[in-house]
């Protein structure tokens, strides 16, 4: 059976074949457990666990292919969708690939606004968006908009244009070319788009729901705490959750246990406010879909501003129980496989600032791993790509 026969009846998902969105798209597909193997020199890969195929296309072509029904859904930038001027259903903003489509003029020109460029020469890879913008500014003389496929920033130094319209991510390329942004036409990020007439509605909805789950896991964490009944209303105002918190009774009838989702960006402020209304035993649960490596120290420092307020991590692997610890010492890196040699792993971990190492049990494939608690930050945790880990921080 050739490749064409293998694609028949499959839902087709297009992602950028290279560039700023490619790596993030590949990570996202792994996180939602879409499995495939891309053969060398081939831009189509058949999924092994879904009735789907992945098509690798130039990002600029994905909107067009999707609108024409050549593929059922795709991931590309909002800027590409707007520039293509095609009929698509935008299902989801994906939260990566953030850029701005900016009008950029040479610094030495002293041009400070878009109005000053009306009637001038503009070079861009986004002619439709650029023409639409300047049509509203043109009065006596029409702005000349010329299309180039790349290297837009060199148009001004070469004397081809008075200004350019191009995407700005970090601004490094713009600054290196002696340009500065004078106006933002639109902000953009990666989006999931679909053909509204696709025959694979159920598959598209399944992919969308999985992506929503990943996005929620990236933005929110589970917070658990105990609170007296009389203070519950105040605590719920601080942590209303995505819909409402889960509330459970405790043995002491005056106390309740609360579980609720909170935004990662609000963790420190939320914990302080909960403490003020009498919450105790506050836990923060981070569920991580592991790509390959988590550096504990960086996670610890970047996530929590007040390090002295928190007790150790607890890791609870979900899914595959096989993982390894890379111990970092002066001139020494040693790898410990929990599954293959639990006794060695246990003794080394216990000897180096680990409070406990428990949950070992013998299973059909060998030894399984339960969890451990530690106070140190000098380890890198390496896990299979499909492993989910809960990282708990206990607020004193």
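Residue numbers (the UniProt record's numbering): 1 to 396. Ideal Cβ positions, reconstructed from N, Cα and C, are used throughout, including at glycine.
Assumed close pair residue i, residue j - CB separation to whole angstroms, cut-off 8 Å
i, j, result
"residue 194", "residue 204", "5 Å"
"residue 72", "residue 101", "Going by Cβ atoms, the distance from residue 72 to residue 101 rounds to 27 Å, so no, they are not a contact pair."
"residue 51", "residue 11", "6 Å"
"residue 163", "residue 117", "5 Å"
"residue 95", "residue 21", "Actually they do not touch by this definition, with Cβ atoms about 12 Å apart."
"residue 157", "residue 171", "Contact flag wrong, Cβ pair sits at about 17 Å."
Exposure of residue i, with buried meaning 16 or more beta-carbon neighbours within 10 Å
i, result
"residue 161", "buried"
"residue 401", "Not covered by the structure: residue 401. The range shown for the chain is 1 to 396."
"residue 76", "buried"
"residue 419", "Lying before the first or after the last residue shown, residue 419 is absent from the chain, which here runs from 1 to 396."
"residue 23", "exposed"
"residue 187", "exposed"
"residue 54", "buried"
"residue 199", "exposed"
"residue 83", "buried"
"residue 122", "buried"
"residue 274", "buried"
"residue 103", "buried"
Cα-Cα separation, residue i to residue j
i, j, result
"residue 86", "residue 139", "29 Å"
"residue 176", "residue 191", "29 Å"
"residue 180", "residue 285", "43 Å"
"residue 67", "residue 44", "19 Å"
"residue 7", "residue 47", "10 Å"
"residue 282", "residue 252", "17 Å"
"residue 56", "residue 242", "35 Å"
"residue 159", "residue 106", "11 Å"
"residue 263", "residue 145", "43 Å"
"residue 277", "residue 238", "10 Å"
"residue 42", "residue 143", "42 Å"
"residue 229", "residue 39", "60 Å"
"residue 301", "residue 169", "The predicted position of residue 301 is uncertain, since its pLDDT is 43 and thus under 50; no value can be drawn from it."
"residue 153", "residue 126", "13 Å"
"residue 13", "residue 74", "5 Å"
"residue 244", "residue 32", "26 Å"
"residue 34", "residue 151", "35 Å"
"residue 37", "residue 59", "20 Å"
"residue 280", "residue 270", "13 Å"
"residue 234", "residue 250", "19 Å"
"residue 49", "residue 174", "43 Å"
"residue 222", "residue 81", "35 Å"
"residue 112", "residue 268", "40 Å"
"residue 219", "residue 141", "48 Å"
"residue 9", "residue 213", "26 Å"
Strand pairing of residue i, partner residues [DSSP]
i, result
"residue 123", "146 and 164"
"residue 225", "258"
"residue 180", "105"
"residue 100", "168 and 187"
"residue 45", "54"
"residue 263", "220"
"residue 249", "256"
"residue 129", "Answer is none; residue 129 lacks a bridge partner."
"residue 12", "53"
"residue 278", "Residue 278 pairs with nothing; no bridge assigned."
"residue 93", "191"
"residue 468", "Because residue 468 is not part of the residues shown, which for the chain are 1 to 396, the question remains open."
"residue 36", "47"
Closest residue to residue i among the options (Cα-Cα distance)
i, options, result
"residue 227", "211, 170, 199 and 260", "260"
"residue 147", "136, 165, 135 and 134", "165"
"residue 189", "40, 90 and 242", "90"
"residue 254", "126, 231, 64 and 119", "231"
"residue 248", "266, 225, 178 and 240", "225"
"residue 258", "40, 186 and 246", "246"
"residue 29", "41, 15 and 20", "15"
"residue 236", "256, 93 and 219", "256"
"residue 209", "132, 82 and 93", "93"
"residue 182", "274, 156 and 114", "114"
"residue 134", "119, 222 and 221", "119"
"residue 18", "34, 62, 32 and 35", "62"
"residue 136", "108, 150 and 185", "185"
"residue 266", "280, 240, 244 and 250", "240"
"residue 69", "88, 110, 206 and 32", "88"
"residue 124", "109, 167 and 9", "167"
"residue 196", "49, 65, 9 and 213", "65"
"residue 27", "220, 219 and 211", "211"
Contact test: residue i Cβ vs the ligand PLP heavy atom, cutoff 7 Å
i, result
"residue 141", "Questions concerning the ligand PLP fall outside what the structure shown contains, since it holds no ligand whatsoever."
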